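Asker: Got a structure here, written out as structure tokens. Questions coming.
Numbering (the numbering used here), first residue to last: 12 to 299.
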């Protein structure tokens, strides 16, 4: 059996039953975000799509949905990056290398990579949005010849909140990637752009019919970024977003992630803008 089949066999008895996994690397990236590298029991591959998520549990305590931040091309492990925002994530931050967690998934629909082959890409990441997008970026880097021009726009509030600093330096150095970063508020050592991420979009040079734009970030960012991308004449179905809802089961059973009768954990979390249809306003205000 291939790894994916082994994984499905493990989940077949009950999709609610977590698989055991070990933390093989744990590192603080900022004062709020912690990076975890996870190895499933038996060292099988997770076989996820960029943009999917897993349910992470601390045995005997609780579980929560966490975006996968590594590429499926990273074999034998997968990465998670967790912001400390509450009781569960605080307890997760206390874990260290060698500790055990439970993993269910992967769940949801990821970025439509098959549709994006051969197209130019504009990747727009705001704040913590770089976490799921890192999975896509690493996949693109490992399969660079499958895509056209790649432009990355990264924004965060301050330089100290920038995640994956060493990797962003590598992306910046790559000649075949156009990379631009901005911060809302700079410190004296910051030499880059200052301003909202929307200020970077007018400067991108694209062929809209041959371009996919992938956008992940905080709720307020979506509304203004999408307007700017539409002004660039990128078709609705080629603007890709990821909706962040509080998902409890990952299986469309609990209803916590429901929007207008649709379950984000099953139909998403990745959608194209055309799919959002009648609840675009809902997504702008609440879902993202």
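Note that CB positions come from ideal geometry on N, CA and C, so glycine has one too.
As the structure is a prediction and not an experimental result, all values here were calculated from the model.
Less than 8 angstroms between the CB atoms is what I'm expecting for residue 92 and residue 142, so what's the real figure, rounded?
Answerer: 5 angstroms
Asker: Quick check on residue 27: buried or exposed, where buried means 16 or more other Cβ atoms within 10 Å of its Cβ?
Answerer: Around the beta-carbon of residue 27, fewer than 16 other beta-carbon atoms lie within 10 Å, marking it exposed.
Asker: Helix, strand or coil for residue 293 per DSSP?
Answerer: Below a pLDDT of 50, predicted positions are generally treated as unreliable, and residue 293, at 46, falls in that range; the measurement from the model is reported next regardless. Residue state, collapsed to three classes: helix.
Asker: Whether or not the segment 154-170 and the segment 211-218 are in contact is what I'm after, with contact meaning three or more pairs of Cβ atoms, one per stretch, closer than 8 angstroms; do they touch?
Answerer: yes
Asker: Output the distance between the C-alpha atoms of residue 110 and residue 69, rounded to the nearest integer angstrom.
Answerer: 10 angstroms
Asker: Report all residues from its chain with a CB closer than 6 angstroms to the CB of residue 173; omit the five preceding and five following residues, and keep chain order.
Answerer: 167
Asker: I'd like the list of long-range same chain contacts for residue 60, defined as Cβ closer than 8 angstroms, with 5 residues on each side in sequence excluded.
Answerer: 83, 117, 120, 121, 122, 124
Asker: State yes or no: is the C-beta of residue 209 within less than 8 angstroms of the C-beta of residue 239?
Answerer: yes
Asker: Determine the DSSP secondary structure at residue 179, reduced to helix, strand or coil.
Answerer: Assigned with DSSP and collapsed to three states, residue 179 falls in helix.
Asker: Could you check if residue 146 is buried or exposed, using at least 16 other CB atoms within 10 Å of its CB as the buried criterion?
Answerer: With 16 or more other Cβ atoms within 10 Å, it is buried.
Asker: If you reduce the DSSP assignment to three classes, tell me which class residue 304 lands in.
Answerer: An answer regarding residue 304 cannot be provided, because it is not within the stretch 12 to 299 covered by the chain.
Asker: Name the DSSP bridge partner or partners of residue 166?
Answerer: Paired residue(s): 137, 193.
Asker: Can you list, in chain order, the residues of its chain with a C-beta nearer than 6 angstroms to that of residue 284? Leave out the 5 residues immediately preceding and following it.
Answerer: Hits under 6 angstroms: 247, 250.
Asker: Comparing alpha-carbon positions, which option in 245, 38, 95, 81 lies nearest residue 220?
Answerer: 245
Asker: Taking the Cβ atom as the reference point for each residue, do residue 104 and residue 33 lie within a distance shorter than 8 angstroms?
Answerer: No, the pair does not count as a contact, with Cβ atoms beyond the cut-off.
Asker: Taking residue 226 as the reference, give the member of 62, 81, 48 with the closest Cα.
Answerer: Residue 226 has its Cα closest to that of 62, out of 62, 81, 48.
Asker: Taking the alpha carbon of residue 150 as the reference point, which residue from 282, 48, 58 has its own alpha carbon closest?
Answerer: 58
Asker: Does residue 53 come out as helix, strand or coil in the three-state DSSP assignment?
Answerer: helix
Asker: Helix, strand or coil, according to DSSP, for residue 172 in the structure here?
Answerer: helix
Asker: Please give me, in chain order, every unbroken run of the beta strand (DSSP E) with length at least 3 that falls completely inside the segment 73-125.
Answerer: As far as the segment 73-125 is concerned, its whole beta strand (DSSP E) runs of at least 3 residues are 73-78, 89-94, 111-118.
Asker: Would you mind working out which of 80, 74, 52, 185 sits nearest residue 102, comparing C-alpha positions?
Answerer: 74
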